[in-house]
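**Student:** Okay, here's the structure, questions in a sec.
Number of protein chains: 2
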Amino acid sequence: MADQERTSNQLQSDLAALDRFGQDANGGFTRLAWSPELRAVVDWTAERMRAAGLEPEIDAAGNLIGRWQAGTGKALLVGSHLDTVTSGGRFDGALGVLTALESVRRLREQGFQPARPVWVVAFMDEEGERWNSVMIGSRAFVGDEIPPEEAGRRDDDGVALEEAMRSWGRQFADLSNARAVDRVHAYLELHCELGPVLETEGIDIGAVTEIVGLVGLRVTLGGVTNHAGTTPMPGRRDALVGAASVIRGLRDRALRSGEFTATVGAIGSRPGGIAAIPGECTFSVDLRAPEPAGLLTAREQLDDLLSAVCAAEGLSASVAEVYVLDPTPLDPDIVSTISAASQDAGLSFRRMSSGAGHDAMLLARHVPAAMIFVPSVGGIGHAPEELTEERDVENGAKVLTETVRRLAQ
Amino acid sequence: MADQERTSNQLQSDLAALDRFGQDANGGFTRLAWSPELRAVVDWTAERMRAAGLEPEIDAAGNLIGRWQAGTGKALLVGSHLDTVTSGGRFDGALGVLTALESVRRLREQGFQPARPVWVVAFMDEEGERWNSVMIGSRAFVGDEIPPEEAGRRDDDGVALEEAMRSWGRQFADLSNARAVDRVHAYLELHCELGPVLETEGIDIGAVTEIVGLVGLRVTLGGVTNHAGTTPMPGRRDALVGAASVIRGLRDRALRSGEFTATVGAIGSRPGGIAAIPGECTFSVDLRAPEPAGLLTAREQLDDLLSAVCAAEGLSASVAEVYVLDPTPLDPDIVSTISAASQDAGLSFRRMSSGAGHDAMLLARHVPAAMIFVPSVGGIGHAPEELTEERDVENGAKVLTETVRRLAQ
Chain H
36 MADQERTSNQ
46 LQSDLAALDR
56 FGQDANGGFT
66 RLAWSPELRA
76 VVDWTAERMR
86 AAGLEPEIDA
96 AGNLIGRWQA
106 GTGKALLVGS
116 HLDTVTSGGR
126 FDGALGVLTA
136 LESVRRLREQ
146 GFQPARPVWV
156 VAFMDEEGER
166 WNSVMIGSRA
176 FVGDEIPPEE
186 AGRRDDDGVA
196 LEEAMRSWGR
206 QFADLSNARA
216 VDRVHAYLEL
226 HCELGPVLET
236 EGIDIGAVTE
246 IVGLVGLRVT
256 LGGVTNHAGT
266 TPMPGRRDAL
276 VGAASVIRGL
286 RDRALRSGEF
296 TATVGAIGSR
306 PGGIAAIPGE
316 CTFSVDLRAP
326 EPAGLLTARE
336 QLDDLLSAVC
346 AAEGLSASVA
356 EVYVLDPTPL
366 DPDIVSTISA
376 ASQDAGLSFR
386 RMSSGAGHDA
396 MLLARHVPAA
406 MIFVPSVGGI
416 GHAPEELTEE
426 RDVENGAKVL
436 TETVRRLAQ
Chain Z
36 MADQERTSNQ
46 LQSDLAALDR
56 FGQDANGGFT
66 RLAWSPELRA
76 VVDWTAERMR
86 AAGLEPEIDA
96 AGNLIGRWQA
106 GTGKALLVGS
116 HLDTVTSGGR
126 FDGALGVLTA
136 LESVRRLREQ
146 GFQPARPVWV
156 VAFMDEEGER
166 WNSVMIGSRA
176 FVGDEIPPEE
186 AGRRDDDGVA
196 LEEAMRSWGR
206 QFADLSNARA
216 VDRVHAYLEL
226 HCELGPVLET
236 EGIDIGAVTE
246 IVGLVGLRVT
256 LGGVTNHAGT
266 TPMPGRRDAL
276 VGAASVIRGL
286 RDRALRSGEF
296 TATVGAIGSR
306 PGGIAAIPGE
316 CTFSVDLRAP
326 EPAGLLTARE
336 QLDDLLSAVC
346 AAEGLSASVA
356 EVYVLDPTPL
366 DPDIVSTISA
376 ASQDAGLSFR
386 RMSSGAGHDA
396 MLLARHVPAA
406 MIFVPSVGGI
416 GHAPEELTEE
426 RDVENGAKVL
436 TETVRRLAQ
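Residue numbers (the numbering used here), protein chains in the order written: chain H, 36 to 444; chain Z, 36 to 444.
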């Protein structure tokens, strides 16, 4: 019991230490891929791994891997990511890495001898905000070919992905060297839900049965730029008015359908002057559905809307795919193990799907993979207000530790 | 006739020389207030003024004034502006400055002796895009107090207005030294229409009877940021969906009313990630009407829409005024002079209102002021495609020269 309290305090002090890495004035965290802020938290975590007896290494894709080289055969991989969106929450990603580290600390202190290696991982760029190079770390880890065109993509400050990689001493051409999935037995990831289901139902632990399919698009509408004061209202070809019709219409159709979600997160108009009718408007579209059919419906609804709006407003439309990921079922056996571990700890439990994409999607295509969810206060994610209560953090750490023990013995 | 051809060629070569000042790859011109690009064209125009026998000076507000110090009493002021919006057209502003210079050249070559001084002016920052400090040059020239808060406004690159002024050797605190309206007898401005009326009706010359009233607003809607994947569609408080409803609704109401125009030119969402529900959305609103009652109706319609959308979507709204300018009648006597000059030149003519704001609005509150419009091809303004045919440029120069002659004799 004294041991348990001490280690729980270590986890809590690790989580409190995150304050130092990319926190802004309103309490949000910004640690974008390949940034100095991310590097600082990666280096600190590597030190924490070393202190826990792991051998840390940053691989060719910027993934931090801390190895407990015990037993024989392929490794049990446990972790999540340390990067964030702009002004994101404290626990999104970091909670999974630090509870994975905590589980190793607890098992070592209990004298547990694993039958196979246990690796703690923090994948690079799960969020993908800076270059739309979403999950580049886990894509490289599982051996996916990273399209060469991603190398030259530029962030808002004009910095190319390959340039930022070099600031970490990494080369885009070497990404394939990060492939290590062949040495992995199974993957386990704890994450805060970032949604309202567990809190609303008063449940302690969720195990993810499948991750929704995602389609990320960049839509550009083209109209005719003109002067706001001299151009009569009839006959205008205003790209932003068209975008407004699409954004509003897509939301209404998603709400009615219930089969998919649709979100427009980013938008910009050109030329962007207060007195200029926008001749161009670009916006992002994020579509998600737990079933492949729902994703198809969502795409059809968007295409239908774009056609109707372009015809009505005299606009052209182009649609570029930023990411397309099919729905991903996770491993039912590990889900049962998580269920049993929760039950043994006296915690309530449910199976659920994940509306957010996670590195587990990539791993699940190669090895048995599963995720443990803990409640998010108010269901809030990707915002400074994101929070998981201390009690729920400890419940998650407990179930994760027990699941690691069962999978590694 | 030989003289006339030579001077017409001087005007055309002056207009062609604009190529060198802020032209971008797609043919648009970007010469924002207090920028190096604007300074270059101002310095070049000052040289052209000197070559035409004028005494050029850049005043405390960055206005370029070239003086023909002849006759006695107050000066006839003729001109427009040399700054542009981002990627604007060739003739917006510059045409009025260079035809004013041309009119002086022609009158001097004809041996005309003016009864009063004639000044050619290029006002600073008519467009007001960079800091929303619209028409700061003519505001200072007529003695309006420039609100001290404008000094610290920052452009998209974080440069404050007062800093950019210093790069021209000018101090924000000295703006009031630019007041010179008391030495002005009347103001005359030639401008391309930037709208479709003259071209559609096949008319050569327009004289502006009034300039529409303008209200420029910055609207911010506040909702709740959340994760796009984990937040069910019902219950979202998406600020961008709210903005879309307002933008679309405002356009529809302006179209139905016919009393006012409404344009949303700029928009941005926060946090702005592809997978984040926008918790904040800021957009500009530009409302215009020739009658004060139309402007009131426009404001009421916007307020009504904002209330309805905020109630339906669970959002908050705040509205900041960027500029408010009442409708401005111009001088009927000068309009008659322009009409007579057009008739004498065998050109078709009409009275019309201006949907765009111009420096003449500021001048008209202090001295008799008028504007000559020439046709814009396709009615296009504030875009690289803006154009006035060579024939229409010459027609305008001819009528402007004759009007200057009549007003200065």
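Glycine residues also receive a C-beta, built at the ideal position from the N, C-alpha and C atoms. Computed from a predicted model, the values in this text were never measured in an experiment.
Counting C-beta neighbours from all protein chains within 10 Å, is the total for Z:Gly293 16 or more, i.e. buried, or is it exposed?
**Tutor:** With fewer than 16 other Cβ atoms within 10 Å, it is exposed.
**Student:** Runs of 4 residues minimum, wholly inside the region 396 to 443 of chain Z: which ones carry the alpha helix (DSSP H) assignment?
**Tutor:** Runs found: 425 to 443.
**Student:** Give a yes or no on whether the C-beta atoms belonging to Z:Ile240 and Z:Ser371 are separated by under 7 angstroms.
**Tutor:** Not a contact, by the Cβ cut-off of 7 angstroms.
**Student:** Per DSSP, H:Glu315 is paired with what?
**Tutor:** Partner(s): H:Gly257 and H:Arg305.
**Student:** In or out: H:Arg85 buried (at least 16 other Cβ within 10 Å) or exposed?
**Tutor:** H:Arg85 comes out exposed.
**Student:** Short of 6 angstroms in beta carbon distance, which residues of its chain neighbour H:Tyr358, apart from the five on each side in sequence? Order them along the chain.
**Tutor:** These residues qualify, in order along the chain: Val169 and Gly251.
**Student:** So H:Ala195 packs on H:Gly187, CB below 8 angstroms; how close in whole Å?
**Tutor:** Going by Cβ atoms, the distance from H:Ala195 to H:Gly187 rounds to 5 angstroms, so yes, they are a contact pair.
**Student:** If contact means a Cβ-Cβ distance below 7 angstroms, which residues of the region 316 to 329 of chain Z contact chain H?
**Tutor:** Listed by position along the chain: Ser319, Asp321 and Arg323.
**Student:** Looking only at its chain, what residues have a beta carbon closer than 8 angstroms to the beta carbon of H:Thr332, apart from the 5 residues adjacent to it on each side?
**Tutor:** The answer, listed in chain order, is Ser292, Glu294, Phe295 and Ala324.
**Student:** Check the C-beta distance from Z:Met268 over to H:Ala289 and give it rounded, since I have them as a contact under 8 angstroms.
**Tutor:** With a Cβ gap of about 5 angstroms, Z:Met268 and H:Ala289 count as contacting.
**Student:** With Z:Ile246 as the anchor, note down where its alpha helix (DSSP H) starts and where it stops.
**Tutor:** From DSSP, Z:Ile246 is part of no alpha helix (DSSP H) but of the beta strand (DSSP E) over Ile240 to Ile246.
**Student:** Just to make sure I have the definition right: I need the residues of chain Z whose C-beta is within less than 8 angstroms of the C-beta of H:Leu290. Which are they?
**Tutor:** In chain order: Met268 and Pro269.
**Student:** If the criterion is Cβ atoms closer than 7 angstroms, does the pair Z:Ala274 and Z:Leu256 meet it?
**Tutor:** Taking 7 angstroms as the Cβ cut-off, Z:Ala274 and Z:Leu256 qualify as a contacting pair.
**Student:** Report the option in H:Arg102, H:Met387 and H:Asp118 whose CA atom is closest to the CA atom of H:Ala75.
**Tutor:** Of H:Arg102, H:Met387 and H:Asp118, the residue nearest in Cα terms is H:Asp118.
**Student:** Determine the closest residue to H:Leu229 out of Z:Ile100, Z:Ile246 and Z:Gly264, with distance taken between C-alpha atoms.
**Tutor:** Selected option, being the one with the closest Cα: Z:Gly264.
**Student:** If the cut-off is 8 angstroms on Cβ atoms, which residues from the region 223 to 234 of chain Z count as contacting chain H, listed in chain order?
**Tutor:** Listed in sequence order: Glu228, Leu229, Gly230 and Pro231.
**Student:** Using only the alpha-carbon positions, how far apart do Z:Asp339 and Z:Ala279 sit?
**Tutor:** Cα to Cα, the separation comes out at about 15 angstroms.
**Student:** If you check the beta carbons only, do Z:Ala399 and Z:Met406 fall under 7 angstroms apart?
**Tutor:** No, the pair does not count as a contact, with Cβ atoms beyond the cut-off.
**Student:** Where are the beta strand (DSSP E) runs, 3 residues long or more, that stay fully inside the region 111 to 193 of chain H, in chain order?
**Tutor:** With a minimum length of 3 residues, the continuous beta strand (DSSP E) runs that stay inside the region 111 to 193 of chain H are 153 to 158.
**Student:** In chain order, what residues of the same chain have a beta carbon less than 6 angstroms from the beta carbon of H:Gly364, not counting five sequence neighbours either side?
**Tutor:** Residue identity check: residue 364 of chain H is Pro in the sequence provided, not Gly. Here the set comprises Glu245.
**Student:** Tell me the DSSP bridge mates of H:Asp379?
**Tutor:** Note: H:Asp379 sits in no beta bridge, so no partner.
**Student:** Please return the same chain residues whose Cβ sits closer than 7 angstroms to the Cβ of H:Ser374, not counting the five positions on each side in sequence.
**Tutor:** Excluding sequence neighbours, H:Ser374 sits near Ala242 and Phe384.
**Student:** So Z:Val330 and Z:Leu322 are in contact, right, with Cβ under 8 angstroms, and what is the actual spacing, rounded?
**Tutor:** The question names Val, but residue 330 of chain Z in the sequence shown is Leu. Indeed they touch by this definition, with Cβ atoms about 6 angstroms apart.
**Student:** Closer than 8 angstroms is the cut-off here; do at least three beta carbon pairs connect the region 214 to 223 of chain H with the region 346 to 360 of chain H?
**Tutor:** Touching, no.
**Student:** Let me check understanding here. Comparing Cα to Cα, which of H:Pro306, H:Pro410, H:Val254 and H:Leu397 lies closest to H:Leu337?
**Tutor:** Ranking the options by Cα distance to H:Leu337, first place goes to H:Val254.
**Student:** Can you tell me which residues form a DSSP beta bridge with H:Cys227?
**Tutor:** In DSSP, H:Cys227 forms a bridge with H:Val409.
**Student:** Roughly how many whole angstroms lie between the Cα atoms of H:Met36 and H:Arg141?
**Tutor:** Here the model assigns H:Met36 a pLDDT of 42, short of 50, so the residue's position is not dependable and the matter cannot be decided.
**Student:** How is Z:Met268 classed by DSSP in three states: helix, strand or coil?
**Tutor:** Looking at Z:Met268 - three-state DSSP - the assignment turns out to be coil, as it is neither helix nor strand.
**Student:** Could you tell me whether the Cβ of Z:Leu275 comes closer than 7 angstroms to any Cβ of chain H?
**Tutor:** Taking Cβ atoms only, chain H reaches closer than 7 angstroms to Z:Leu275, which makes this a yes.
**Student:** Could you tell me if H:Gln444 is buried or exposed, where buried requires 16 or more neighbouring beta carbons within 10 angstroms of its beta carbon?
**Tutor:** Looking at its Cβ environment, which holds fewer than 16 other Cβ atoms inside 10 Å, H:Gln444 is exposed.
**Student:** Take Z:Asn61 as the anchor and find which of H:Pro306, H:Ile415 and H:Pro367 has the nearest alpha-carbon.
**Tutor:** Closest option to Z:Asn61, Cα to Cα, is H:Pro306.
**Student:** So, at 8 angstroms on beta carbons, what are the nonlocal neighbours of H:Glu72 in its own chain, with the 5 sequence-adjacent residues on each side left out?
**Tutor:** Counting only Cβ-Cβ distances below 8 angstroms, and skipping sequence neighbours, we find Phe56, Gly57, Thr65 and Arg66.
**Student:** Any beta carbon of chain H sitting closer than 7 angstroms to that of Z:His393?
**Tutor:** Not closer than 7 angstroms to any Cβ of chain H, the Cβ of Z:His393 fails to qualify, so no.
**Student:** So with Cβ pairs under 7 angstroms, would you call Z:Ala37 a contact of chain H?
**Tutor:** Confidence at Z:Ala37 is low in this model, with a pLDDT of 45, below 50, so the placement of that residue is unreliable and no value is reported for it.
**Student:** Is the region 165 to 183 of chain H touching the region 94 to 112 of chain H, taking contact as three or more C-beta pairs under 8 angstroms?
**Tutor:** The region 165 to 183 of chain H vs the region 94 to 112 of chain H: in contact.
**Student:** By DSSP, does H:Phe295 sit in helix, in strand, or in coil?
**Tutor:** Coil at H:Phe295, not helix or strand.
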